[in-house]
Amino acid sequence: MDHFTYKNGELYAEDVPLSRIADEVGTPVYVYSRATLERHARVFREGLAPVAQATRREPLVAFAVKSNPNLAVLRVLSRAGCGADVVSGGELVRAMTAGVPADKIVFSGVGKTRAELQLGLDRQIGQFNIESSEEGRELAELAASQGRVAQATLRINPDVDAKTHEKISTGRAENKFGIPLVRAREVFGELAALEGLNLRGVAVHIGSQLLDLEPLETAFAKVGQLVADLRADGHTITHVDLGGGLGVTYKDGEVPPTPAEYGAMVARATVGWDVHLTFEPGRVIAGNAGVLLTRVVRVKRGGNGPPFVIVDAAMNDLARPAMYGAWHDFDAVMPTGERMVANIVGPICETGDTFATDREVDALQSGELAVFRTAGAYGATMASSYNSRGFVPEVLVDGEQFAVVADRIPADAIMDAERVPDFLLDD
Ligand code: LLP
Numbered sequence: 294m295d296h297f298t299y300k301n302g303e304l305y306a307e308d309v310p311l312s313r314i315a316d317e318v319g320t321p322v323y324v325y326s327r328a329t330l331e332r333h334a335r336v337f338r339e340g341l342a343p344v345a346q347a348t349r350r351e352p353l354v355a356f357a358v359k360s361n362p363n364l365a366v367l368r369v370l371s372r373a374g375c376g377a378d379v380v381s382g383g384e385l386v387r388a389m390t391a392g393v394p395a396d397k398i399v400f401s402g403v404g405k406t407r408a409e410l411q412l413g414l415d416r417q418i419g420q421f422n423i424e425s426s427e428e429g430r431e432l433a434e435l436a437a438s439q440g441r442v443a444q445a446t447l448r449i450n451p452d453v454d455a456k457t458h459e460k461i462s463t464g465r466a467e468n469k470f471g472i473p474l475v476r477a478r479e480v481f482g483e484l485a486a487l488e489g490l491n492l493r494g495v496a497v498h499i500g501s502q503l504l505d506l507e508p509l510e511t512a513f514a515k516v517g518q519l520v521a522d523l524r525a526d527g528h529t530i531t532h533v534d535l536g537g538g539l540g541v542t543y544k545d546g547e548v549p550p551t552p553a554e555y556g557a558m559v560a561r562a563t564v565g566w567d568v569h570l571t572f573e574p575g576r577v578i579a580g581n582a583g584v585l586l587t588r589v590v591r592v593k594r595g596g597n598g599p600p601f602v603i604v605d606a607a608m609n610d611l612a613r614p615a616m617y618g619a620w621h622d623f624d625a626v627m628p629t630g631e632r633m634v635a636n637i638v639g640p641i642c643e644t645g646d647t648f649a650t651d652r653e654v655d656a657l658q659s660g661e662l663a664v665f666r667t668a669g670a671y672g673a674t675m676a677s678s679y680n681s682r683g684f685v686p687e688v689l690v691d692g693e694q695f696a697v698v699a700d701r702i703p704a705d706a707i708m709d710a711e712r713v714p715d716f717l718l719d720d
């Protein structure tokens, strides 16, 4: 459930009409709802109640910063009790700047540089999720040389098909992530013996936008077996990180598991593990908490197919449709009740800049406002400046008030960072 609803014939974010935001901030603009973010964080935590009960420990919910790294969004979620799952030095600094305590920060990612490992050590983050024996040795050596001990888990690759889009599937043997299960005991043994590392558990993440619990349950069963094997090998296992991945509804008829169903499955899968659990949800918290508000530039008719509704947002602002063929609902801000079949496209000069093909949508005319729904996760954060378009601003709504939480970065500001070198200047 989200807080983007029609009142008096107009779409609101909480108690703010979207037309007001368009007037004051311009379009395109990402709009987030604080109440929705808080609600999703709460519902996710409540879903994990049986897990907390079974393990007698409150799990750590580390919001996947990659899904929405806006400082204000991170602040809202941090105040709602979330930690942060980060995958770069940039995300780590953001999370801490937003107020996430260091001990609630988990550092994932297959290519952490030496400088990023050092940053994590300096900031004394809660946990490194190590993805290779090479990374583990480098971290151990760095930490030991400074008289420190890094808290860490080993990410394993369970070779499970998450049945999601191939570009966002991460837990199959051929993916670059984690240690193959068959090598996990050997690598764990090697790294656990190193000074500078407290290798205290395992981590897993098999993919994103999962609509089915079965692959997760299969992966968790493999993790459970590994935990037992590692303990049999004499290791002390106190922490398991079960990753993120829970899907959301982009399109009518897509029914993701509820957080309660997810929590019940996790409680089942983790019986007797006796560990601290960490979760890394991103999309399920932020996805439906944001829309991309856009204005129709013009409606172009007269081609072979349906008319093109050309909007001022493009694939550089919201990459998901072009990148994954993803569906985002498209609704008029002030619908008249009339409908039309249209292709919804952006102004960018490639055919991939298409948000929807042959789609029945609210009838729209030049100058009218519309939204792409479910754009709060993997939206603004995946933007580029392709076609020398600037970066879209972000707004956070809170009841009747709203604030610009990221400025629009115009194309000339990006150009200002470029220069023509002396050797190209005409003499
Ligand atoms: N933990 C790890 C280690 C991850 O790699 C990811 C996402 C998450 C947690 C959060 O997953 P979530 O709960 O959001 O599904 N750009 C793509 C999604 C890429 C996901 C990458 N990893 C998209 O727009 O669909």
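Note that the working numbering has the sequence shown beginning at 294, numbered continuously upward.
By construction, the Cβ of each residue, glycine as well, lies at the ideal position given by its N, Cα and C atoms.
Might you give, ordered along the chain, the residues of its own chain that have their beta carbon closer than 8 Å to the beta carbon of Glu-351, omitting 5 neighbours on each side?
Same-chain partners within the cutoff: Ala-345.
Alpha carbon to alpha carbon, how far is Gln-502 from Lys-460? Give it in angstroms, no decimals.
Each residue's alpha carbon lies about 11 Å from the other.
Quick one: is the Cβ of Glu-317 within less than 8 Å of any heavy atom of the ligand LLP?
Incorrect: Glu-317 has no Cβ contact closer than 8 Å to the ligand LLP.
Measure the alpha-carbon distance for Gln-420 versus Gln-439 and round it to whole angstroms.
Cα-Cα distance, rounded: 17 Å.
Does the stretch 512-530 come close enough to the stretch 315-330 to have 3 or more Cβ pairs within less than 8 Å?
Flag = no, the stretch 512-530 and the stretch 315-330 do not touch.
Can you pull every residue whose C-beta falls closer than 5 Å to some heavy atom of the ligand LLP, listed in chain order?
Those residues, listed in chain order, are Ala-357, Ser-360, Ser-401, Ile-461, His-498, Ser-501, Gly-536, Gly-537, Gly-538, Glu-573, Pro-574, Gly-575, Arg-576, Arg-613, Tyr-671.
What do you get for Gly-630, buried or exposed, if any count of 16 or more other CB atoms within 10 angstroms of its CB means buried?
So Gly-630 counts as exposed.
How should Leu-523 be labelled, buried or exposed, when 16 other C-beta atoms within 10 angstroms of its C-beta is the threshold for buried?
Buried.
Report yes if the CB atom of Glu-687 is closer than 9 Å to the CB atom of Tyr-299, and no otherwise.
Cβ atoms of Glu-687 and Tyr-299: not closer than 9 Å.
Less than 8 Å between C-beta atoms, sequence neighbours within five positions excluded: which residues of the same chain meet that for Ala-265?
Since the first residue shown for the chain is 294 and the last is 720, residue 265 is missing from the structure and cannot be characterised.
For Ala-704, collect the residues of the same chain with a Cβ closer than 8 Å to its Cβ; drop the 5 residues on either side in sequence, then sort them by chain order.
Result list for Ala-704: Ser-678, Ser-681, Arg-682, Gly-683, in chain order.
Please name the residue in Gly-595, Leu-412, Ala-635 whose C-alpha comes closest to that of Val-602.
Taking only the C-alpha atoms, the option nearest Val-602 is Ala-635.
How far does the beta strand (DSSP E) with Met-633 in it extend, from its first residue to its last?
Counting along the chain, the beta strand (DSSP E) containing Met-633 begins and ends at 632-638.
Please classify Thr-674 as buried or exposed, where buried requires at least 16 other C-beta atoms within 10 Å of its C-beta.
So Thr-674 counts as buried.
Helix, strand or coil for Ser-326? Go by DSSP, reduced to three states.
Three-state result, Ser-326: strand.
So, is Met-389 buried or exposed, given that buried needs 16 or more other C-beta atoms within 10 angstroms?
Its Cβ being crowded by 16 or more others within 10 Å, Met-389 is buried.
Check this for me: beta carbons of Ala-619 and Asp-646, under 9 Å apart or not?
No, the pair does not count as a contact, with Cβ atoms beyond the cut-off.
DSSP state of Asn-680, grouped into three classes?
Three-state DSSP puts Asn-680 in a helix.
Go to Lys-515, then tell me how far its alpha helix (DSSP H) extends in each direction, as first and last residue.
Note, Lys-515: alpha helix (DSSP H), 507-525.
What does the alpha-carbon distance come out to for the pair Ala-557 and Ala-342?
The alpha-carbon atoms of Ala-557 and Ala-342 are separated by roughly 9 Å.
Mind checking which residues open and close the beta strand (DSSP E) that includes Gln-658?
That residue, Gln-658, is in no beta strand (DSSP E); it is neither H nor E in DSSP.
Starting from Glu-303, trace the beta strand (DSSP E) in both directions and tell me its first and last residue.
Counting along the chain, the beta strand (DSSP E) containing Glu-303 begins and ends at 303-306.
Looking at the secondary structure, which residues open and close the beta strand (DSSP E) in which Gly-376 lies?
Note, Gly-376: beta strand (DSSP E), 376-379.
Quick one: grab the DSSP three-state call for His-621.
Three-state result, His-621: coil.
What are the partner residues of Pro-473, as DSSP defines its beta bridges?
DSSP output for Pro-473 lists Asn-450 as bridge partner(s).
With Val-584 and Pro-640 assumed to form a contact (beta carbons below 8 Å), what rounded beta-carbon distance in angstroms separates them?
Contact flag wrong, Cβ pair sits at about 19 Å.
For Gln-417, does the three-state DSSP call read helix, strand or coil?
In the structure shown, Gln-417 sits in coil (DSSP, three-state: anything other than H, G, I, E or B).
So what does Asp-534 bridge to, in DSSP terms?
DSSP output for Asp-534 lists Ala-496, Thr-571 as bridge partner(s).
Using only alpha-carbon positions, find the residue among Gln-444, Gln-658, Asp-452 that is nearest to Ala-273.
Within the shown structure, residues of the chain are numbered from 294 to 720, placing residue 273 beyond reach of any answer.
When you compare the CB positions of Asp-622 and Tyr-543, do they come within less than 9 Å of one another, or not?
Their beta carbons are under 9 Å apart, which means Asp-622 touches Tyr-543 by this criterion.
Could you pull out every residue in the same chain whose Cβ sits closer than 7 Å to the Cβ of Gly-669, ignoring the five residues on either side in sequence?
Hits under 7 Å: Tyr-325, Asn-361, Ala-579, Gly-580, Asn-581, Ala-582, Gly-583.
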